[in-house]
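Following: one structure in structure tokens, then a few remarks.
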């Protein structure tokens, strides 16, 4: 039975060397199986064992491969089951605690914003819509305030008016956004009358990124003044973590997720009697003003209804346990992907063994606070 022990000892050395080179300890074995076996065979060839004990070693390799195959099958099944378990449904029962609350929605006159307004009205909320144009259909309980999210004065007026009228702002949905056609603003060159290269148009970034950040800045201003705190939901997109050839739109949706991630630890450190939360939604193709049913049918996009996305936004307002989460909505199905997939992938695989970058910033903040007190 000695030949059974030898492959494992060699495999152990391979794994030990792999970890010493900085590879992840948490990488699923199904990604390592062939790597280990190939390294194992090379190791054997280098030592000359294969030449002297060919049958014994080949038998060991095959046995080891089969054993790992069985383990990997179970492991991959476990991973698949975990991924499936991350899907969840949303019921109206989970939204009932929103009754009587005051919500501001930017980009609330159509698409996802309008669908969100309708759901909130059904839950007994008051909705203040900030948009360029009022909803096509008026609803009792919806107050329209003309707002260009790219203009600070408009946003400030929206919040000031809502707070003056209702005395509080419970939730803010920073949903306003625009897109560009397929292609890249940064591959288009325009020249002025003087023949000099013009600066590219950053209007999409100005609205999607600066508009979102300013909306949340104003939300924080008012929520910090009220003992009940509040929550913010920001609209990113599947393009916030995928390759997508609409460059400026993709950049802006990555930035929205980055804004949320950067704000979360600062919110947790706030000296406030109530929690202030921020979460994000990342919908896949959805029928909105940016994508009509006709356009979706033309290129075969399986687009979902805006109501499916709106439910996720409302859930993030209602569920006070959700902080720093990202809900992906595709084909009407829901997955929380920040805490369950994206963050673990970074910490367990990409930077395994290293401290989180924000840990150093936390230490710096503590040191500065200690120096100030001293």
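In my numbering, the protein residues as written are 21 to 394. We put the CB at the ideal spot given by N, CA and C, even for glycine.
| Check | Outcome |
| --- | --- |
| Member of 325, 130, 143 whose CA lies at the smallest distance from the CA of residue 337 | 143 |
| Straight-line gap, residue 237 to residue 116 (C-alpha atoms, nearest Å) | 27 angstroms |
| For residue 253 and residue 301, believed in contact at Cβ under 8 angstroms, the rounded distance | 7 angstroms |
| 4 or more residues per run - each alpha helix (DSSP H) lying fully within the segment 266–350 | 267–288, 313–318, 326–338 |
| Beta-carbon proximity of residue 169 to residue 137, cut-off 7 angstroms | no |
| Distance between residue 349 and residue 332 (C-alpha atoms, nearest Å) | 8 angstroms |
| Cβ contact check for the segment 149–161 and the segment 122–137: 3 or more pairs under 8 angstroms | yes |
| Residues that DSSP places opposite residue 252 in a beta bridge | 192, 298 |
| Inside the segment 202–262 only - alpha helix (DSSP H) runs reaching at least 4 residues | 231–243 |
| Rounded straight-line distance, which links the Cα of residue 341 to that of residue 326 | 24 angstroms |
| Buried versus exposed, by CB contacts within 10 Å (16 or more), residue 157 | exposed |
| Residue 297 beta carbon less than 7 angstroms from that of residue 363 | no |
| Assigned exposure category for residue 388 - 16 Cβ within 10 Å defines buried | exposed |
| Length-filtered (3 minimum) beta strand (DSSP E) runs lying within the segment 97–175 | 122–126, 146–151, 162–166 |
| Cα-Cα separation between residue 140 and residue 379, rounded to whole angstroms | 38 angstroms |
| Residue 356 (DSSP reduced to helix, strand or coil) | strand |
| Backbone CA spacing between residue 193 and residue 125 [nearest angstrom] | 5 angstroms |
| Exposure of residue 178, with buried meaning 16 or more beta-carbon neighbours within 10 Å | buried |
| Boundaries (first-last residue) of the alpha helix (DSSP H) holding residue 368 | Per DSSP, residue 368 belongs to no alpha helix (DSSP H) and is neither H nor E. |
| Chain-order list of residues whose beta-carbon lies under 6 angstroms from that of residue 248 (same chain, five-residue window excluded) | 294 |
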